[in-house]
Amino acid sequence: MSAKLCLGGLAVMAVWWGCAGGNDDKAKDAEEAADDGRVAGGDASDVSGQVCSPGDKRCMDAGVESCRADGSGWDPAGTCSDGNPCTQDTCESGQCGFPPLSCDDSDACTFDYCLPWAGECAHRPLAGAKGCCSTPEDCDDGVDVTEDLCDVAGGSCVNTVETLSARLMHRFGSKGTGEGQLSSPKGLAVLSDGRVLVADSGNNRALILSGAGEQLGELLEAGGTALKAPGCAAQSSDGRIFLCDTGNDRILLLAPDGSVSAIWPPADSGVKLFHGPTDVAVDSAGNAYVTDGPGEEFDSGNSIMKLNEKGQVTAIAGKSGEGDGNFDKPSGVAVSPTGTLFITDQGNNRVQLLDGSLAFVAKFGEEGADPGLFKGPSDIAMLPDGRFFVADVGNQRVQLFESCQPDCTGKVCGSDGCLGTCGECPSFAECNPQGLCDGWVGEGGEGCNKQEAGGCAACACEKCVCTGQGALDPSLFYEGADSDPYCCETQWDEVCMGECQFVCGYSCPLPAEWPVLDPTFGSIGEWKQAGDAAMAAPLKLAVDSSGFVYVLDNVKSEVLIFEVSKP
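Here numbering that gives the first Met the number 0 is used: the first residue of the sequence shown is 0, the next is one more, and so on.
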């Protein structure tokens, strides 16, 4: 590891970020203690002439001072500045702290957040909160394209927009090798503290940048090996930071302070696990999913791997190809709120879905420039509501999609929940609210509304068996309105179906296992512009906690921050 340096009040280091700094009250206490020949954390010896205890630290002005080895005085040890405009730089007991800037306006009807590029607080109406408005003016979100409405009955704000709108809020980065400059960057992550991690592939390094684009640190090597064409960056909900050291066929795990906490696979393992990893996503259980690029050998790579928290492979799926579950340059992966994996299959111009066991679920997309089609899709960013952005790099655009899982379980008619239908009833029957046909029973038993202990409720077949009504020959089994207590009161099974068929002329089978229908996908909208200019190669995406969308333009070597209004 290289040493950490703190220059000009900023964390500038060969490894990462985060340096020490000041608190006036603590500094004053430390000064008074030093004047008395005492320091916090240890007593100075009057006999030895020490003014402090070696190793002690204190807050002074905007930084931290450390007691010299001989106890003769204090030397500067670092400044408390993380370069993040959305945090407060503090020092207490000789330790720096960077708590988030408080933007709470004490108004339960607003969403409070910090603009990461400016360090300024902003507030917008909290959509859906009851008792928060009486007029549309109370719901003004400051975005020109949205229609601001107030549901007077519930007093809640609704901000709507007809078409997708992306407003460029900030941009940073430029081509070069200097501080904050980039060369063919291929990885992007917005960390939980608001900083931005970029895999600066062309410069063989990873940069940590503030939300304004100011360089706070860089990573050049790990485990004694220099980084080589790093190709992805990600952070999991448990705080782990991942960096794809793609050219070295390994994944680096970084601690919050930027130190390398683990390398997958370990350098001394002698195992070649990856073939140029391209992205990482983590599920709620802590499992990491790694998309692996094409290998140099035939039929190697082009797969998706599942690894546990120790970096051990627990499942692997896919190979080179166009078939379901196979890939051609898988480049981005995201986990949906329901745990489904969404993978950009770049060479096949599609997105594939796998479940947590890496079994194929569905796919969508093909080559083209129309909405919903792709040309080399390269990354996915998932939203909490299940909608997702796709970096359609070949078409120089970002698309927003929604997905829906049709559900016809227990239904033979009516809506599937995704603007489709589970089927239609015959003309002499009606679809009831439960998605079943009333007033008719067919050869397959269609029209039997429910299967319960008491039988096929409200079904003509049940009436036949349980009351004798409609029986072809009631004398075979029944006397008048007598019923079969087993079928009508205990269980409806194959025996009862036989009775129904022979006595009544119908069949009313037990429900079969209903098939799971394929999910549907719809393109909501797209954008290509970044201010007055078009995006050149939107390669990677990230969404921060305030909903801002970050786009990494590989060709222009810059990061774009958008405020996106979604229909």
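Each residue gets a CB set at the ideal place from its N, CA and C atoms; glycine is no exception. All values derive from a computational prediction rather than experimental measurement.
Check: Can at least three beta-carbon pairs, one atom from the stretch 272 to 287 and one from the stretch 245 to 255, be found at a separation below 8 Å?
Finding: A contact is defined here as three or more CB-CB pairs under 8 Å, and the stretch 272 to 287 meets this definition with respect to the stretch 245 to 255.
Notebook entry, point to check: Between which two residues does the beta strand (DSSP E) carrying ALA390 extend?
Noted result: 387 to 391
Checklist line | Per-residue DSSP class, three states only, for VAL281 | finding: strand
Check: Would a C-beta distance cut-off of 9 Å place ALA314 and LYS328 closer than the cut-off?
Finding: no
Item checked: Top-ranked residue by Cα proximity to SER302, from VAL270, ILE342 and GLN311 -> ILE342
Check: Where DSSP assigns a beta bridge to ILE262, which residues make up the other side?
Finding: LEU251
Next item on the list: Can you give me the Cβ contacts of ARG123 inside the same chain, cut-off strictly under 7 Å, excluding the 5 residues immediately before and after it?
Entry: THR109, PHE110, ASP140 and GLY141
Check: In terms of alpha-carbon separation, which member of GLN214, ALA532, GLY222 and GLN234 lies closest to LEU181?
Finding: GLN214
Checklist line | Selection from PRO518, VAL542, SER80 and CYS79 that minimises the alpha carbon distance to LEU353 | finding: The shortest C-alpha separation from LEU353 is found at PRO518.
Margin query: Which runs of the beta strand (DSSP E) at least 3 residues long sit entirely within the stretch 342 to 375? Give them in chain order.
Written below: Runs of the beta strand (DSSP E) lying entirely within the stretch 342 to 375 and spanning at least 3 residues, in chain order: 349 to 353 and 359 to 363.
Notebook entry, point to check: Can you tell me whether DSSP reads ASN158 as helix, strand or coil?
Noted result: strand
Check: Relative to the C-alpha of VAL542, which residue among MET381, GLU512, GLU366 and PRO514 is closest?
Finding: Answer by Cα proximity: MET381.
Checklist line | DSSP beta-bridge partners of TRP73 | finding: CYS66
Check: How far does the beta strand (DSSP E) with VAL195 in it reach, from first residue to last?
Finding: 195 to 199
Check: For the candidate residues GLU562, TYR549 and PHE561, whose alpha-carbon lies nearest to that of GLY186?
Finding: TYR549
Notebook entry, point to check: Out of curiosity, what's the CA-to-CA distance linking ALA117 and VAL411?
Noted result: One C-alpha to the other measures close to 56 Å.
Margin query: Looking only at its chain, what residues have a beta carbon closer than 6 Å to the beta carbon of PRO370, apart from the 5 residues adjacent to it on each side?
Written below: Around PRO370: SER522.
Next item on the list: Please state whether DSSP places PRO484 in a helix, a strand or coil.
Entry: helix
Check: What's the C-alpha gap between CYS120 and LEU114?
Finding: For CYS120 and LEU114, the distance between alpha carbons rounds to 6 Å.
Check: Which of the three DSSP states, helix, strand or coil, is assigned to ALA456?
Finding: Interpretation of ALA456 is limited by its pLDDT of 45, a score under 50 that renders its predicted location unreliable; the figure taken from the coordinates is listed afterwards. Looking at ALA456 - three-state DSSP - the assignment turns out to be strand.
Notebook entry, point to check: What residues are listed by DSSP as bridge partners for SER330?
Noted result: None; SER330 has no bridge partner.
Notebook entry, point to check: Does DSSP put ASP111 in a helix, in a strand, or in coil?
Noted result: strand
Notebook entry, point to check: Distance, Cα to Cα, PHE520 vs ASN202?
Noted result: Going by the C-alpha atoms only, they are around 38 Å apart.
Next item on the list: Give a yes or no on whether the C-beta atoms belonging to CYS424 and PRO405 are separated by under 9 Å.
Entry: no
Margin query: Tell me which residues share the same chain as ASP569 and place their Cβ nearer than 8 Å to its Cβ, disregarding the 5 neighbours each side in the sequence.
Written below: There is no way to answer for residue 569, as the model of the chain reaches only from 0 to 566.
Check: Taking buried to mean at least 16 other C-beta atoms within 10 Å of its own C-beta, is GLY269 buried or exposed?
Finding: exposed
Checklist line | DSSP state of GLY54 mapped onto helix, strand, coil | finding: coil
Item checked: For CYS430 and CYS465, believed in contact at Cβ under 8 Å, the rounded distance -> Not really, about 24 Å apart at Cβ, beyond 8 Å.
Notebook entry, point to check: Is DSSP giving GLY324 helix, strand or coil here?
Noted result: coil
Next item on the list: Report all residues from its chain with a CB closer than 6 Å to the CB of GLY355; omit the five preceding and five following residues, and keep chain order.
Entry: GLY338
Check: Since ALA314 is in the beta strand (DSSP E), which residue starts that stretch and which ends it?
Finding: 312 to 316
Note to self: Can you look up ILE379 in the DSSP assignment and give me helix, strand or coil?
What the structure shows: Three-state result, ILE379: strand.
Next item on the list: Could you say if the stretch 225 to 237 and the stretch 190 to 206 meet the contact criterion of at least three C-beta pairs nearer than 8 Å?
Entry: yes
Next item on the list: Look at the alpha carbon of LEU190 and the alpha carbon of GLU512, and state the distance between them as a whole number of angstroms.
Entry: Rounded to the nearest angstrom, the two C-alpha atoms are 44 Å apart.
Check: So what does CYS149 bridge to, in DSSP terms?
Finding: CYS156
Checklist line | Minimum C-alpha distance to VAL392 - residue among TRP526, PRO376, CYS407 and SER545 | finding: Cα-wise, what sits closest to VAL392 is PRO376.
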